[in-house]
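I have placed the structure first, in the form of structure tokens, so that the comments after it can refer back to it.
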Amino acid sequence: MALPSVMVLPLLIVIAAGIYYIYTEVIHFMSKSLVRNKVVVITDAVSGVGRECAQLFHKGGARLVLCGTSWDKLESLYDSLTSDADPRETFAPKLVILDFSDMDSIEEVVAEVGDCYGCVDVLICNSSMKLKAPVQSVSLELDRNIMDINYFGPSTLAKGVLPMMISRRSGHIVLVNSIQGRLAVPFRSSYAASKHAAQAFFDCLRAEVEEYGILVSTISHTFINASATMPSAPTPPQPPTEQPTNIASQLTHGVRPSVLANEIMRTVNRKRKEVLLAHPIPRVALYLRSLFPSFLFAVVAAGVKDSALADQMQ
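Using numbering that gives the first Met the number 0, you'd call the opening residue of the sequence shown number 0 and step up by one each time.
Here it is as structure tokens:
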């Protein structure tokens, strides 16, 4: 007996939903199995994104090396990961103090990381220092500190673990960068410069180490918004005079730490070389930067002028 035509569409929807559910479950299972027994180093495990990554990779059975600047925070993370964990399914994480603002200690850190398991399968460079200030107010000392943490630190650590990866002809280095490594935003001069430098370094590194079977991935994300637990309500239409400011502000529209951590896991599993995690407006801005740079410069500059005028009126 043929189904009534009115039932065909709902049935197709149910079937499609069932197939999608099965697909997501299979991908979720594969995600865990792919990182099992892998030695995964997280450079800033005590940050919001780092903690989310630690939980994902720990549940997946990875052998974690958790790094951070605070021993107390590392121990707290260790306790949270191991309190309810099954020792037959997971490994107890190793803890390493890592402070990229102290570049003289990086050599010792590399040795300590190597001593944990004798190798590194995945290096996740997610350490970052942010700054919002006019160019003329940023000291040279602060410029250098930001460059150490955002560029020299990750690049030096990557150089340190490369011999271990090259000797095994395998490995994966993941740079959790920022969209400002590809698109500069006003009042972020030092931050954007450090991210541009990191993007260029790891792009070069990708080509140089491919012959050794080593993969290099970069994830360019917008501002990490730890407070964004739910999608925000739609923004009401702005008056014409406020449009430039609105566009400029949305260039750094945030993503949640959990969303970014899941993207890092997918990047490792799917071996993607470059990922852009951004809302439509930043994506459009990237295209404008390449195709119509003068237009983008005018829009962003207008936004800066409007914000400066608003500050003067308060």
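Virtual Cβ for every residue (Gly too), placed ideally from N, Cα, C.
Fair warning: this is a prediction, and the values are worked out from it, not measured in the lab.
For the pair LEU76 and GLY47, the Cα-to-Cα distance works out to about 11 Å. About 12 Å separates the CB atoms of SER219 and ARG271; that is not less than 8 Å, and the two are not in contact.
If you draw a straight line from the Cα of PRO281 to the Cα of ASP142, it comes to about 25 Å.
Counted as a single uninterrupted DSSP element, the alpha helix (DSSP H) harbouring ILE263 occupies residues 256 to 269.
Looking at the backbone, the Cα of ASP78 and that of LEU63 are separated by about 14 Å.
Excluding five sequence positions before and after PHE200, the CB atoms of its chain that fall closer than 6 Å to its own CB belong to SER154, given in chain order. About 30 Å separates the beta carbons of GLU51 and PRO185, which is beyond the 8 Å limit, so they are not a contact pair. Taking one beta carbon from each stretch, the region 160 to 170 and the region 91 to 107 have fewer than 3 pairs nearer than 8 Å; the two do not touch. When the Cα atoms are used, LEU204 and LEU275 turn out to be separated by approximately 19 Å.
Going by C-alpha positions, LEU11 is about 50 Å away from ALA196. Note: LEU214 is bridge-paired with HIS171 in the DSSP secondary-structure output. Beta-bridge partners of SER219 (DSSP): LEU275. One thing to note: GLY152 has its Cβ within 8 Å of the Cβ of PHE99. DSSP places LYS93 within a strand segment (E or B) once states are collapsed to three. Within the same chain, no Cβ atom closer than 6 Å to the Cβ of VAL208 is found once the five residues on either side in sequence are excluded. In the three-state reduction of the DSSP assignment, GLY17 falls in the helix class. Taking all protein chains in view, the Cβ of ALA157 is crowded by 16 or more other Cβ atoms within 10 Å, so the residue is classified as buried.
Secondary structure at GLY60: coil, using DSSP grouped into helix, strand and coil.
In this structure, the straight-line span from the alpha carbon of ASN36 to that of PHE90 is close to 8 Å. Closest option to ASN176, judged by alpha-carbon separation, among TYR190, LEU73, ALA84: TYR190. Pairing VAL39 with ASP120 gives a Cβ-Cβ distance under 8 Å.
In this structure, DSSP gives VAL137 a state outside helix and strand, which the three-state scheme calls coil. In this structure, the CA atom of GLN54 is about 18 Å from the CA atom of TRP70. Looking at the backbone, the Cα of PRO92 and that of ARG168 are separated by about 25 Å. C-alpha of GLY253 to C-alpha of HIS278: approximately 9 Å in a straight line.
Judged by their CB atoms, LEU285 and ARG181 are nearer to each other than the 8 Å cut-off. Per DSSP, GLY253 has no beta-bridge partner at all. When DSSP reads this structure, VAL40 sits in a beta bridge with VAL64, LEU122. Spanning the alpha carbons of SER82 and GLU262 requires a straight line of approximately 26 Å.
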